[in-house]
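Participant: Quick mapping for you: the protein sequence lines, in order, are chains Z and P.
Numbering-wise, the first sequence is residues 58 to 390 according to our numbering.
Numbering-wise, the second sequence is residues 96 to 343 according to our numbering.
Note that CB positions come from ideal geometry on N, CA and C, so glycine has one too.
All of these numbers come straight from a predicted model, not from anything done at the bench.
What follows is a single structure, and I will ask about it in a moment.
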Amino acid sequence: MAQVYGNDFTAPGETPARPATSDEPETFRALLEGEGRVEPRDDLPDAYRRTLVRQIAQHAHSEIIGMQPEGNWISRAPSLRRKAILMAKVQDEAGHGLYLYAAAETLGVDRADLLDQLHSGRQKYSSIFNYPTLTWADMGAIGWLVDGAAIVNQVPLCRCSYGPYARAMIRVCKEESFHQRQGFEILHTLSHGTPAQKAMAQDAVDRYWWPSLMMFGPPDDDSPNSAQSMAWGIKRFSNDDLRQRFVDMAVPQAEALGLTLPDPEIRWNEDRGHHDFGEVDFTELFEVIKGNGPCNAERMAHRVRAHEDGAWVREAANAYADKQAARPGADVA
Amino acid sequence: MTNAHADYVLGLADDALVSAQRMGWWISRAPQLEEDVALANIGLDQLGQARTLLAHAGSLEGEGRGEDDLAYFRDERDFRNVKLVERPQTDFAVTMARLLVFATWQAELYAVLAHSSDPTLAGVAGKAVKEVAYHVDHARQWVLRLGDGTDESHLRMQVAVDAEWPFVEELFGAVDPALVADGIAADPTVLRPAVLGRVGRVLGEATLTVPHLAPAVAGGREGLHTEHLGFLLAEMQHLSRSHPGASW
Numbered sequence: 058m059a060q061v062y063g064n065d066f067t068a069p070g071e072t073p074a075r076p077a078t079s080d081e082p083e084t085f086r087a088l089l090e091g092e093g094r095v096e097p098r099d100d101l102p103d104a105y106r107r108t109l110v111r112q113i114a115q116h117a118h119s120e121i122i123g124m125q126p127e128g129n130w131i132s133r134a135p136s137l138r139r140k141a142i143l144m145a146k147v148q149d150e151a152g153h154g155l156y157l158y159a160a161a162e163t164l165g166v167d168r169a170d171l172l173d174q175l176h177s178g179r180q181k182y183s184s185i186f187n188y189p190t191l192t193w194a195d196m197g198a199i200g201w202l203v204d205g206a207a208i209v210n211q212v213p214l215c216r217c218s219y220g221p222y223a224r225a226m227i228r229v230c231k232e233e234s235f236h237q238r239q240g241f242e243i244l245h246t247l248s249h250g251t252p253a254q255k256a257m258a259q260d261a262v263d264r265y266w267w268p269s270l271m272m273f274g275p276p277d278d279d280s281p282n283s284a285q286s287m288a289w290g291i292k293r294f295s296n297d298d299l300r301q302r303f304v305d306m307a308v309p310q311a312e313a314l315g316l317t318l319p320d321p322e323i324r325w326n327e328d329r330g331h332h333d334f335g336e337v338d339f340t341e342l343f344e345v346i347k348g349n350g351p352c353n354a355e356r357m358a359h360r361v362r363a364h365e366d367g368a369w370v371r372e373a374a375n376a377y378a379d380k381q382a383a384r385p386g387a388d389v390a
Numbered sequence: 096m097t098n099a100h101a102d103y104v105l106g107l108a109d110d111a112l113v114s115a116q117r118m119g120w121w122i123s124r125a126p127q128l129e130e131d132v133a134l135a136n137i138g139l140d141q142l143g144q145a146r147t148l149l150a151h152a153g154s155l156e157g158e159g160r161g162e163d164d165l166a167y168f169r170d171e172r173d174f175r176n177v178k179l180v181e182r183p184q185t186d187f188a189v190t191m192a193r194l195l196v197f198a199t200w201q202a203e204l205y206a207v208l209a210h211s212s213d214p215t216l217a218g219v220a221g222k223a224v225k226e227v228a229y230h231v232d233h234a235r236q237w238v239l240r241l242g243d244g245t246d247e248s249h250l251r252m253q254v255a256v257d258a259e260w261p262f263v264e265e266l267f268g269a270v271d272p273a274l275v276a277d278g279i280a281a282d283p284t285v286l287r288p289a290v291l292g293r294v295g296r297v298l299g300e301a302t303l304t305v306p307h308l309a310p311a312v313a314g315g316r317e318g319l320h321t322e323h324l325g326f327l328l329a330e331m332q333h334l335s336r337s338h339p340g341a342s343w
């Protein structure tokens with residue numbers, strides 16, 4: 058399974074999510090039909106619960122793995138203002154991870170188990186974070202393109218049928234929108250700077266453009282989970298519709314930046330009222346999902362090392378809390 | 096305005112900047128997600144203090160240098176921070192031992208400087224005093240948990256306190272008496288007992304021992320640093336220096 062920032066699809070050869078059965082509780086179906094919000098105490102079908110747990114958990118994992126490619130430049134940010142903005146941005150990602158794990162916990166799982174599943178490779182995170190951040194301009198490209206794609210995917214999730222997820226997404230989207238603007242601003246400054254800075258910006262856009270389009274998942278006719286997620290009101294628009302929306306948004310913005318998108322086939326199609334664009338190489342996406350991307354091993358090793366190195370600290374905190382609780386006069390209620 | 100005045104402010108700015116640079120390392124590496132958020136917060140506060148202090152030092156110096164000129168285009172020998180903050184801190188116990196000492200010192204320092212006769216310094220300190228109160232509390236909470244947690248955490252916390260301790264004394268190094276007399280700077284002989292008293296109480300509460308160790312050789316305020324600072328600056332400055340004159 059691959060979670061693409063609020064999207065959910067299966068790579069070829071993997072088992073798709075179990076299809077829904079017809080024994081969904083009446084109250085649940087009535088809620089969906091009335092476009093109401095499903096809340097944790099409602100009677101939820103198991104398959105709906107499992108799908109949501111997986112999607113929210115993988116979204117949370119994406120946020121915390123996503124801290125690494127940008128964290129990679131905190132120590133080297135080229136001005137103190139940029140350093141402060143970047144630290145705040147990566148901090149926001151940790152905060153998004155916290156809201157999302159909390160949303161998943163309303164479905165009866167706990168964060169420690171979800172993290173174990175991430176660390177053992179049983180749950181995935183967005184493939185985009187398996188690409189390296191090679192220059193400062195990548196901070197701009199990630200903000201503009203990756204956060205831009207995430208917003209296109211996530212804004213509809215603010216109306217997702219599951220209340221706690223929808224509410225978490227409202228907060229997340231507000232911050233993502235700020236992140237996207239700062240990414241755009243980094244690229245704008247670079248593309249209007251020295252020739253070396255402009256080249257750096259163009260190179261970053263060239264490297265991040267296609268992987269950003271892959272974030273929406275495979276084409277609709279190759280996306281086995283989408284129909285069920287749409288029926289459940291988790292997903293509102295198809296992968297291809299969202300991808301098109303993203304391209305239509307990015308093309309005029311690239312012009313405003315004075316940068317080109319690395320696709321000679323991009324042109325306005327009057328009849329469709331959309332931009333045409335070239336074919337995405339989904340073979341690359343599936344290779345990255347399978348673990349063969351440029352940074353899969355490093356991202357996982359970094360995450361697992363942080364968790365293992367911190368084990369003694371978490372154990373100490375628990376031991377201290379137990380001692381405090383056992384002390385005379387401690388509130389045992 | 097004298098150079099001693101600019102140098103004093105620059106020292107405080109560099110303390111905050113170098114500490115923020117070390118703190119930033121933790122983001123994505125903390126023992127739990129809440130701590131990634133907390134350490135980022137602390138680093139951001141320190142960076143904010145550094146930026147205003149650097150800008151102020153630049154204006155006192157009067158040579159037209161701004162925060163980024165001072166942060167990115169000075170060499171090791173021109174940095175004025177204490178050695179306490181520049182050494183690597185990739186161990187959580189070391190980070191908390193150091194933060195307890197550093198933030199407690201900043202808390203006492205900024206409380207005095209909030210009434211400095213230098214109005215800019217007073218303004219920065221007045222804002223920062225609230226920030227560092229949170230840093231002290233955060234460090235205290237962790238020193239208690241680690242000191243009085245498991246046998247392993249107790250040992251690791253004591254080792255960390257012992258490693259930091261020789262670098263504590265430099266925080267109380269002499270300041271130009273004229274600056275103190277003019278009400279610009281805080282008197283280190285007043286700060287010392289207040290800081291050591293507060294830190295000692297936390298260590299005692301955490302079942303840890305206050306070390307009796309000789310101070311390390313000072314010199315940070317004169318630009319004589321450990322070998323670690325050069326690497327920190329090389330990493331921090333390289334991009335900016337590779338594109339002289341560029342805006343970001």
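1. In three-state terms, what does DSSP make of A59/Z?
2. Using only the alpha-carbon positions, how far apart do Y105/Z and L194/P sit?
3. Hey, out of E312/Z, A368/Z, A378/Z, I346/Z, whose CA is closest to A188/P's CA?
4. Check whether the Cβ atoms of A192/P and A255/P sit closer than 7 Å, and answer yes or no.
5. Give me the Cα-Cα distance between L328/P and K225/P, rounded to the nearest whole angstrom.
6. Contact between the stretch 219-229 of chain Z and the stretch 83-103 of chain Z: three or more CB pairs below 8 Å?
7. How long is the line joining the alpha carbons of A115/P and L165/P, rounded to whole angstroms?
8. Residues in its own chain within less than 8 Å of L134/P by CB, not counting five upstream and five downstream?
9. N129/Z by DSSP, collapsed to three states: which one?
10. At the 7 Å Cβ level, is P275/Z part of the contact set with chain P, yes or no?
11. Name the chain Z residues that come within less than 8 Å of N136/P, Cβ to Cβ?
12. Would you mind reading off the limits of the alpha helix (DSSP H) that contains W237/P?
13. Kindly list the residues whose CB is nearer than 8 Å to the CB of D305/Z, restricted to its own chain and excluding five residues on each side of it in sequence; keep chain order.
14. Label E300/P either buried or exposed according to how many other C-beta atoms from any shown protein chain fall within 10 Å of its C-beta, with 16 as the threshold for buried.
15. Please report the distance separating the alpha-carbon of M357/Z from that of F343/Z.
16. Can you list, in chain order, the residues of its chain whose CB lies under 8 Å from that of A151/Z, leaving out five sequence neighbours each side?
17. Starting from H331/Z, follow the beta strand (DSSP E) in both directions and report where the run begins and ends.
18. The alpha helix (DSSP H) spanning N296/Z covers which residue range?
19. How many angstroms separate the CA atom of A217/P from the CA atom of E156/P?
20. Report yes if the C-beta distance between V110/Z and L164/Z is below 7 Å; otherwise report no.
21. What residue range does the beta strand (DSSP E) around N326/Z cover?
22. Under 8 Å by Cβ, that's how I've got L241/P and V370/Z pegged, so tell me the actual separation to the nearest angstrom.
23. Kindly indicate if chain Z contains any beta-carbon less than 7 Å away from that of F369/P.
24. Using CA coordinates, which residue listed in V196/P, H338/P, E259/P is at the minimum distance from V183/P?
25. Assign V227/P to one of two classes, buried (16 or more other C-beta atoms within 10 Å of its C-beta) or exposed (fewer than that).
26. For V95/Z, name the three-state secondary structure that DSSP assigns.
27. With a 10 Å radius around its C-beta and 16 neighbouring C-beta atoms as the bar for buried, classify Q381/Z as buried or exposed.
28. Buried or exposed: where does F326/P fall if 16 or more other Cβ atoms within 10 Å of its Cβ makes it buried?
29. Measure the C-alpha to C-alpha separation of N375/Z and Q236/P and round it to an integer number of angstroms.
30. Is it buried or exposed, W200/P, if we count other Cβ atoms within 10 angstroms and call 16 or more buried?
31. Roughly how many angstroms lie between the CA atoms of A59/Z and T147/P, to the nearest whole one?
32. Classify Y188/Z as helix, strand or coil using the three-state DSSP reduction.
33. Out of curiosity, what's the CA-to-CA distance linking A145/Z and L291/P?
34. So, is the C-beta of A382/Z closer than 7 Å to a C-beta in chain P?
35. For my contact list, Q237/Z and G200/Z are in at a C-beta cut-off of 8 Å; report their separation, rounded to the angstrom.
36. Assuming A161/Z contacts L171/Z under a Cβ cut-off of 8 Å, what Cβ separation, rounded to an integer in Å, is found between them?
Facilitator: Short version:
1. With a pLDDT of 44 at A59/Z, under the threshold of 50, the modelled position of that residue is not reliable, and the figure given next carries that caveat. A59/Z: strand per DSSP, three-state reduction.
2. 46 Å
3. A368/Z
4. Taking 7 Å as the cut-off, the beta carbon of A192/P is found closer than this to the beta carbon of A255/P.
5. 29 Å
6. The count of Cβ pairs closer than 8 Å, one atom from the stretch 219-229 of chain Z and one from the stretch 83-103 of chain Z, reaches three, so the stretches are in contact.
7. Rounded to the nearest whole angstrom, the C-alpha separation of A115/P and L165/P is 15 Å.
8. The answer, listed in chain order, is M118, W121, I122, A125, T190.
9. coil
10. no
11. Q148
12. 214-242
13. H331, H332
14. exposed
15. 18 Å
16. The beta carbon of A151/Z lies closer than 8 Å to those of E120, I121, M124 in the same chain, with the five residues before and after it left out.
17. 331-333
18. 296-314
19. 18 Å
20. yes
21. Start and end: 324-326.
22. 7 Å
23. Shown here, chain P extends from 96 to 343; a query on residue 369/P therefore has no answer.
24. Note that residue 183/P corresponds to Pro in the displayed sequence, not to Val. Measuring from the Cα of P183/P, the nearest candidate turns out to be E259/P.
25. buried
26. For V95/Z, the secondary structure class from DSSP, reduced to helix, strand or coil, is strand.
27. Exposed, because fewer than 16 other Cβ atoms sit within 10 Å of the Cβ of Q381/Z.
28. exposed
29. 13 Å
30. buried
31. Unreliable positioning characterises A59/Z in this predicted model, as indicated by a pLDDT of 44, which lies under 50. A coordinate reading is not provided.
32. coil
33. 32 Å
34. no
35. 6 Å
36. 6 Å
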